[in-house]
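Going by full-length UniProt numbering, the sequence shown opens with residue 1, and the numbers climb by one from there. Virtual Cβ for every residue (Gly too), placed ideally from N, Cα, C. Working notes, structure below.
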Amino acid sequence: MNDAIKGNILTPGGWIHGAVTFGTRVADIHGASADPKGNADDYVLPGFIDLHVHGGAGKDVMEGGDAIHKIAAIHARHGTTSLLATTMTAPPEDIDVALAAIGKAVKERGKNEARVLGAHLEGPYINAGKLGAQPNYARAATLAEVQRLETLAPLRVITVAPEIAGHLGLVRELANEGMRVQIGHTLGSYDDGVAALEHGASGFTHLFNAMSGLHHREPGMVGAALAHAQFAELIPDLLHVHPGAIKTALRAIPRLYCVTDSTAATGMPDGEYMLGRHTVHKCMGGVRLPDGTLAGSTLTLDQALRNLVGLGLDLADASARVSTHAADYLGLEDRGRITPGAWSDFVVLDRELKLKAVYIEGERCDLNDA
Numbered sequence: 001m002n003d004a005i006k007g008n009i010l011t012p013g014g015w016i017h018g019a020v021t022f023g024t025r026v027a028d029i030h031g032a033s034a035d036p037k038g039n040a041d042d043y044v045l046p047g048f049i050d051l052h053v054h055g056g057a058g059k060d061v062m063e064g065g066d067a068i069h070k071i072a073a074i075h076a077r078h079g080t081t082s083l084l085a086t087t088m089t090a091p092p093e094d095i096d097v098a099l100a101a102i103g104k105a106v107k108e109r110g111k112n113e114a115r116v117l118g119a120h121l122e123g124p125y126i127n128a129g130k131l132g133a134q135p136n137y138a139r140a141a142t143l144a145e146v147q148r149l150e151t152l153a154p155l156r157v158i159t160v161a162p163e164i165a166g167h168l169g170l171v172r173e174l175a176n177e178g179m180r181v182q183i184g185h186t187l188g189s190y191d192d193g194v195a196a197l198e199h200g201a202s203g204f205t206h207l208f209n210a211m212s213g214l215h216h217r218e219p220g221m222v223g224a225a226l227a228h229a230q231f232a233e234l235i236p237d238l239l240h241v242h243p244g245a246i247k248t249a250l251r252a253i254p255r256l257y258c259v260t261d262s263t264a265a266t267g268m269p270d271g272e273y274m275l276g277r278h279t280v281h282k283c284m285g286g287v288r289l290p291d292g293t294l295a296g297s298t299l300t301l302d303q304a305l306r307n308l309v310g311l312g313l314d315l316a317d318a319s320a321r322v323s324t325h326a327a328d329y330l331g332l333e334d335r336g337r338i339t340p341g342a343w344s345d346f347v348v349l350d351r352e353l354k355l356k357a358v359y360i361e362g363e364r365c366d367l368n369d370a
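This is the structure we're talking about:
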């Protein structure tokens, strides 16, 4: 027997005022096209998808063990129904521990947890001159090493600095193996970015942050993204990127999508937390290294949605940027949209965009679960 949710349902064809019936997957959508402004009912949106998650609930992905399950649970309580567990630049043995745990979590979604779709390998194949908050274990990549890491967990996204010797050829090889290669933590030029895209790179890691900036005579990596990218991730916590720069990217990149880059400090009080081998400090909503460098965030995707709407996006557009575009980036046709046959991943929001319910693969998540 199928369950049902009533309200203003956002479908690929627009808003439907009615009900969606579902089991683990969507069975049907009943109702008529309507403008949500014409009623006072809840919004039913596709579940949020976060492709850049380092931690939450005091836990860091690099810990391995059951940390990823606690992280997936805290993000589920904020509407994230699927995610990529994201590693830090680290010694090989640390990355192996993290990926082994991620690989198990991909196969074993626990109750009240977001689905872990795989890993985002953010480093170690980055430029040591643009570490941001990454520990200094950067090194050049080899196809053989990446293939070995792939045996531990599905590598859905991999961040690479394309200007490092040998990396352009690797970008093509990784893209040919089905990985989404992102440009990030890079001192590369505009030309380096264009060349990487031509070799199969498909996105940019936390656009604007930890990359060469835009100047009108030296467009830099940001310029390459704004001029050529179809996809890029961005952290809309309003600390990492100025609202004006967010609006610039929204106009330039058709399927810009949002990530949290969340850390262990997410959902926790101010204090000290681990980010890989770094100790970071949460204070006044931000997370920083001792020298003041931003070190990930405490953002959740329900707040990201509200921030986007606050910047002037309509709700349907904002929803796509915390869900559908990320699914499309990974080539997932059965997530990030409410349509018959898709996974039953939903969020229910009141008229003030506060979360009322989360469904993950048809199961209602306990928002109060610890």
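- In this structure H278 is not in contact with P91, their Cβ atoms being roughly 13 Å apart against a cut-off of 8 Å.
- Every unbroken stretch of the alpha helix (DSSP H) spanning 4 or more residues and falling wholly within the region 90-130 is given here in chain order: 92-107.
- With contacts defined as CB atoms closer than 9 Å, A224 and V194 qualify as a contacting pair.
- Looking at the DSSP output, R255 sits in a beta bridge with F231.
- Counting along the chain, the unbroken alpha helix (DSSP H) around L149 starts and ends at L143 to E150.
- In this structure, I126 keeps its C-beta atom at 9 Å or more from the C-beta atom of L83.
- Under the DSSP assignment, N8 falls in the beta strand (DSSP E) whose first and last residues are D3 to T11.
- Per DSSP, reduced to three states, the secondary structure at Q134 is coil, with no helix or strand assignment.
- With a cutoff of 9 Å on beta-carbon distance, K6 and D42 are scored as near each other.
- Closest option to I338, judged by alpha-carbon separation, among A19, N2 and P46: P46.
- Counting the other CB atoms within 10 Å of its CB gives N2 a total below 16, which places it among the exposed residues.
- Taking a C-beta distance under 9 Å as the contact criterion, A114 and A76 qualify as a contact pair.
- Within its own chain, the residues whose Cβ lies closer than 7 Å to the Cβ of L238, once the five positions on either side in sequence are excluded, are N307, listed in chain order.
- Taking C-beta atoms under 8 Å as the contact rule, L51 and A326 qualify, at a distance of about 5 Å.
- Going by DSSP, I164 is part of no alpha helix (DSSP H) at all; its letter is neither H nor E.
- Take the alpha-carbon of H120 and the one of A318: they are about 23 Å apart.
- For L315, the secondary structure class from DSSP, reduced to helix, strand or coil, is helix.
- The shortest CA-to-CA distance from Y137 to any of A128, E145 and A144 is the one to A128.
- Beyond the five residues adjoining it in sequence on each side, S189 comes within less than 7 Å, by CB distance, of S212 and G220 in the same chain, given in chain order.
- When DSSP reads this structure, M211 sits in a beta bridge with T186.
- Between L367 and R180, the C-beta spacing is not below 9 Å.
- In this structure, E173 is the residue among E163, L313, E173 and G118 with its C-alpha nearest to the C-alpha of E145.
- R335 has its alpha-carbon roughly 10 Å from the corresponding atom of G341.
- Cβ-Cβ distances below 6 Å link L226 to A252 in the same chain, with the five nearest sequence neighbours on each side left out; the list follows chain order.
- A distance below 8 Å between beta-carbons, with the five flanking residues on each side excluded, links N39 to the following residues of its chain, in chain order: N8 and H17.
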